[in-house]
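S.K.: I'd like to ask some things about the structure below.
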Amino acid sequence: MQVDQTDRTDPTHRTERECTLALDAHPYRIQQIRRIVSAQLRYWRLDPLIEPAASATSELLANVHRHAQPDKKCGVRLTLADDRLTVAVTDHDPRLPQLRPAEPMATTGRGLAMVEAMSDSWGTDLLPGEKGKVVWFVLRTPLTVPTLVPMRTTMPFDRAMPEPVPVPERIAAAA
Numbered sequence: 036m037q038v039d040q041t042d043r044t045d046p047t048h049r050t051e052r053e054c055t056l057a058l059d060a061h062p063y064r065i066q067q068i069r070r071i072v073s074a075q076l077r078y079w080r081l082d083p084l085i086e087p088a089a090s091a092t093s094e095l096l097a098n099v100h101r102h103a104q105p106d107k108k109c110g111v112r113l114t115l116a117d118d119r120l121t122v123a124v125t126d127h128d129p130r131l132p133q134l135r136p137a138e139p140m141a142t143t144g145r146g147l148a149m150v151e152a153m154s155d156s157w158g159t160d161l162l163p164g165e166k167g168k169v170v171w172f173v174l175r176t177p178l179t180v181p182t183l184v185p186m187r188t189t190m191p192f193d194r195a196m197p198e199p200v201p202v203p204e205r206i207a208a209a210a
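Numbering of the sequence shown is given in the working numbering, commencing with residue 36 and proceeding in unit increments.
Next up, the structure:
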């Protein structure tokens, strides 16, 4: 497994953070990736997004494990930009997943429905040259509430005001 991290700032001072992982989608790896996603979001101070992002990522990786052909090699990319977190899972299978209604008692087939329910948006794209696909979802980042810091003054307000400047006698007499 390979993990890479980058932080980029563009000319408008917008920062984009990215973490990429390359792996084989096997059940024991899926749990590792879930822990890595959780740790990364904690590092980016996005604690409220940990559960939905880790769960939806696990579902997409489980789909790669169950359905992707010819191999289970895949990538996970987390991108934090502006007010959203985008998680994208790529694999080498060009067949696009389809959201299907699940039977109430079914034990499988609910993965994409769960991703849809947990995310603000999701979708799929084919990679160029029939090299596979990417399945992605977006979560809006929580608004940060500014911390109010109490103001400390070293003297009472009325004493902090400047004293009136005396007008020189020559100017006063001329007026």
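C-beta atoms are modelled at their ideal positions from N, C-alpha and C, and glycine is treated no differently.
Bear in mind the structure is a predicted one, so any value in this text is a computation, not a measurement.
According to DSSP, simplified to helix, strand and coil, what is R64?
M.R.: Mapped onto the sequence shown, residue 64 falls at position 29. The answer is helix: DSSP assigns R64 an H, G or I state.
S.K.: If you reduce the DSSP assignment to three classes, tell me which class E138 lands in.
M.R.: Mapped onto the sequence shown, residue 138 falls at position 103. DSSP places E138 in coil when its eight states are reduced to three.
S.K.: What first and last residue would you give for the beta strand (DSSP E) that runs through A32?
M.R.: Any answer about residue 32 is impossible in this case: the structure gives the chain only from 36 up to 210.
S.K.: What residue from A91, D82, T143 has the CA that sits closest to R69's CA?
M.R.: The residue labelled residue 69 in the question sits at position 34 within the sequence shown. Among A91, D82, T143, the Cα nearest to that of R69 belongs to A91.
S.K.: Identify, in the order they occur along the chain, each residue of the same chain with its Cβ nearer than 7 Å to the Cβ of E151, setting aside the five sequence neighbours on each side.
M.R.: For the purposes of this step, residue 151 is taken as residue 116 along the sequence shown, with counting starting at 1. For E151, where only same-chain residues beyond five positions count, the Cβ hits under 7 Å are L134, W157.
S.K.: Would you tell me roughly how many angstroms separate the C-alpha atoms of G167 and V124, rounded to the nearest one?
M.R.: Here residue 167 refers to the residue found at position 132 when the sequence shown is read from its first residue. Here residue 124 refers to the residue found at position 89 when the sequence shown is read from its first residue. For G167 and V124, the distance between alpha carbons rounds to 11 Å.
S.K.: Helix, strand or coil for T121, going by three-state DSSP, please let me know.
M.R.: The count along the sequence shown starts at 1 and reaches residue 121 at position 86. Here T121 sits in strand by DSSP.
S.K.: Among L161, M153, G164, which one has its Cα closest to the Cα of L174?
M.R.: One-based indexing of the sequence shown puts residue 174 at position 139. If we check each option's Cα against that of L174, M153 comes out closest.
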